[in-house]
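**Q** Protein sequence lines correspond, in order, to chains A and B. Remember, the numbering used here sits 260 above the position in the first sequence when you count from 1. Remember, the numbering used here sits 931 above the position in the second sequence when you count from 1. Note that CB positions come from ideal geometry on N, CA and C, so glycine has one too. Given the structure is predicted, the values throughout are model-derived calculations rather than measurements.
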Amino acid sequence: MLRKRILISGNEAIAEGAIQAGCNFYAGYPITPQNELIAYMAKYMPASGGVFIQAESELAAINMVYGASAAGARAMTSSSSPGVSLKQEGISYISGSQLPAVIVNIMRGGPGLGNIAPAQSDYFQATRGGGHGDYRLIVLAPAGVQEAYDLTQTGFRLADKYRIAVMILGDGILGQMMEPVKLSTQKITASPLRPWALTGCKDRKPNIVKSFFLREGDLEKFNLKLQKNYQIIKKNEARYEGLLLDDAKIILVAYGTMARIAKSALNQLRLAGKKVGLIRPISLWPFPEKAFQPRNKKVKYLAVEMSYGQMLEDVKLAVNGSAQVDFLGRSGGGIPSEEEIINRVNKLI
Amino acid sequence: MEKIFAHPEALYDVSTHYCPGCGHGIAHRLVAEVVDELGIREKTIGIAPVGCAVVAYDYWKFDCSEAAHGRALAVATAIKRVRPQNIVFTYQGDGDLAAIGTNETIHAANRGENLTVVFINNAVYGMTGGQMAPTTLLGQKTSTTVNGRTKEKHGYPLKISEMLALLPGVCYVERVSFHNPQGVCKAKQAIKQAFKNQMDNSGFSLVEVLSPCPTYWGLSPKESLDWIRDVMQKEFPLGRIK
């Protein structure tokens, strides 16, 4: 059977992917460039039997996600960089209470109010936890509209599987651009059993959702439990796409929209006979370290980002001194072009 | 023989961690008695605040969630929307509800969320060591108003209950006080009304309780009750506000 194809924006694809994944609670606050997402949810979430709330702030929105998830819903919020900074309080509490949730950040330029141009400068915030405390999010970075749709569904599955917050990290280009999307033919997944959820204590002991461990030793014990979960995720959930790596002398490393531009540069360079490959991390945490296994000493890596070198640090950690790592990045609305990448590769070769 | 008094089922039979003369123990018990009398223990979900009552779930025997400081009504909004068949309430102090959480409070009230709020006003931050609260009285000494609160430097005590009563989504606001046993009985009736309103889907209900904090008022438990009666009630008059 042919799957239905529709032409939608990345923002709408994430919203539709979420509904398809059984998301039944959304709270958000308007901010450019993710407004199509909240509008899509306002239109379609109630129709699918879920709850939509336009919150009074990003703080309220993320804390509504906390409550909805505590009550057993599949909950999501979305925003863009300045709004995601505001959400960090709630993300930390969600992590400390082991609540599954999906948070979307369609990144724009920063710091501060920055601008509304696409950017990748929230990588540190996304992959290092972002708020206070020792915690991690699973961070998934789609590079196209179809993948945004697919990874959002993956995100809900992983959030439930590991009782963790998952971030879908895109940029303004991904959010705004339209591409055809093949819709999933699978039935909407039913919410998994959540014996810990707040449903009223009929025929069981009261459930408590909390992140407060005052008694000596309790918090350390709980944090070690979180760390154990993170180790399992690191082992099982690293994702990447590798392209023409076998004979590559220069390996580009880029994620999201930046990887699309890097791929165009790669095609041009290959046509010119240059041995160039690409590693595109799909999960930014866990970072796909295995993709950077020691290669021929002459192989050089070139990390390309819409930031001044954030993913670069993870590339260097993964390479661990086994090869040269170079960097090309722009930020604040500047996007490394195909031509800039080609010029840099030609200098490196 | 007919049993006319018993320990509430909705309250664990344990000692609390509160200071001598604190009002939280009374307020916890009143909530538990009301929950039992309305027969809603198995469908009640409470939201504990950040502050002295953060571990209220160690005392209440029903489902509970924590919330970040000030965010209880955002958390409660979502729980009630997801599970309208449950009875959801927040239990919040003055700093939580009327300072850091003012935005969440006003907007949940203005949306007319079908929720119950038990608002403990003791005019001071207890857990952090007695700093000025939004409801601290003019002249009241705290660790951050060492010479007493002044209107010039600190503004006036915030009458959040009166403000909330202006909102059309709010169906019930009453201010009660723990200054004597009659006051406690009235407080229980008000809390019961606020829960009943939710069961009738009437909208947002709030009960403000003037509650003693002897430790950070620098008074004995008895003096604290008199201070509520003689001083605090002048700024925060008792009775039905809406």
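#1: Would you kindly report the start and end of the unbroken alpha helix (DSSP H) that includes residue 385/A?
#2: Counting only the same chain and skipping the five closest in sequence on each side, list residues whose C-beta sits under 6 angstroms from that of residue 545/A.
#3: Note down, in chain order, every chain A residue with its Cβ under 8 angstroms from the Cβ of residue 1006/B.
#4: Under 7 angstroms Cβ-Cβ, which residues of chain B neighbour residue 353/A?
#5: Looking at the C-beta of residue 425/A, does it have a partner C-beta in chain B at a distance below 8 angstroms?
#6: Between residue 1013/B and residue 328/A, which are expected to be in contact by the criterion C-beta below 8 angstroms, what is the C-beta distance as a whole number of angstroms?
#7: I'd like the ranges of any alpha helix (DSSP H) spanning at least 4 consecutive residues and lying wholly in the segment 1042-1116 of chain B.
#8: Given a threshold of 16 other Cβ atoms within 10 Å of its Cβ, counted over all protein chains shown, does residue 1087/B qualify as buried or as exposed?
#9: What does residue 975/B touch in chain A if you count any residue whose Cβ is under 9 angstroms from its own?
#10: Taking a cut of 8 angstroms between CB atoms, which residues from the segment 297-319 of chain A lie near chain B?
#11: Can you tell me which of the three DSSP states residue 361/A falls into?
#12: Given a cut-off of 8 angstroms, decide if residue 1148/B and residue 1155/B are closer than it, judged by their beta-carbon atoms.
#13: Could you give the first and the last residue of the continuous alpha helix (DSSP H) run that contains residue 494/A?
#14: Would you mind stating whether residue 278/A and residue 416/A have Cβ atoms separated by less than 8 angstroms?
#15: Could you compute how far the alpha carbon of residue 517/A sits from the alpha carbon of residue 942/B?
#16: Count the CB pairs spanning the segment 295-312 of chain A and the segment 351-362 of chain A that are closer than 8 angstroms, and state whether there are at least three.
#17: Using a Cβ-Cβ cutoff of less than 6 angstroms, which residues in the same chain neighbour residue 1108/B once the five nearest sequence positions on both sides are dropped?
#18: Taking Cβ to Cβ, would you say residue 953/B is nearer than 8 angstroms to residue 466/A?
#19: Can you confirm whether residue 350/A, when its beta carbon is compared against all beta carbons of chain B, has any partner nearer than 8 angstroms?
#20: Tell me whether residue 932/B sits in a helix, a strand or coil according to DSSP, three-state version.
#21: So what does residue 975/B bridge to, in DSSP terms?
#22: Does residue 446/A pass the burial test, meaning 16 or more other C-beta atoms within 10 Å, or should it be called exposed?
#23: My guess is that residue 372/A and residue 337/A are in contact by the Cβ rule of under 8 angstroms, so how many angstroms apart are they, rounded?
#24: Using CA atoms only, rank isn't needed, just tell me which of 1015/B, 1166/B, 1003/B, 1117/B is closest to residue 1071/B.
#25: Going along the chain, which residues of its own chain have a beta-carbon closer than 8 angstroms to the beta-carbon of residue 347/A, five neighbours each way excluded?
#26: Can you name the start and end residues of the beta strand (DSSP E) that residue 997/B belongs to?
#27: Whole beta strand (DSSP E) runs in the segment 300-384 of chain A with 3 or more residues, listed along the chain?
#28: Does residue 287/A come within less than 8 angstroms of chain B when only Cβ atoms are used?
#29: Do residue 591/A and residue 332/A have their beta-carbon atoms positioned less than 8 angstroms apart in this structure?
#30: Residue 434/A lies in the alpha helix (DSSP H); which residues open and close that run?
#31: For residue 400/A, which beta-bridge partners are listed by DSSP?
#32: So with Cβ pairs under 8 angstroms, would you call residue 960/B a contact of chain A?
#33: Return the Cβ separation of residue 1003/B and residue 1025/B in integer angstroms, given the expectation that the two are a contact with Cβ distance under 8 angstroms.
#34: At what residues does the beta strand (DSSP E) containing residue 285/A begin and finish?
#35: Within the 8 angstroms Cβ cut-off, does residue 468/A reach chain B?
#36: Does any heavy atom of the ligand ZN sit closer than 7 angstroms to the C-beta of residue 1003/B?
**A** So, from the data block:
#1: 383-387
#2: 387, 396, 399
#3: 323, 324, 326, 327, 330
#4: 999
#5: no
#6: 5 angstroms
#7: 1082-1085, 1091-1096
#8: exposed
#9: 460, 461
#10: 311, 313, 315, 316, 317, 319
#11: strand
#12: yes
#13: 478-496
#14: yes
#15: 55 angstroms
#16: no
#17: 1114, 1141, 1159, 1169
#18: no
#19: yes
#20: coil
#21: 1018/B
#22: exposed
#23: Between residue 337/A and residue 372/A the Cβ distance is about 22 angstroms, and since that is not below 8 angstroms, they are no contact.
#24: 1166/B
#25: 318, 319, 321, 322, 337, 339, 363
#26: 994-997
#27: 311-314, 335-339, 361-367
#28: yes
#29: no
#30: 432-436
#31: 428/A, 543/A
#32: no
#33: That belief does not hold up - the Cβ atoms of residue 1003/B and residue 1025/B are roughly 13 angstroms apart, past 8 angstroms.
#34: 285-288
#35: yes
#36: Among the components of this structure there are no ligands whatsoever, and the ligand ZN is therefore not found.
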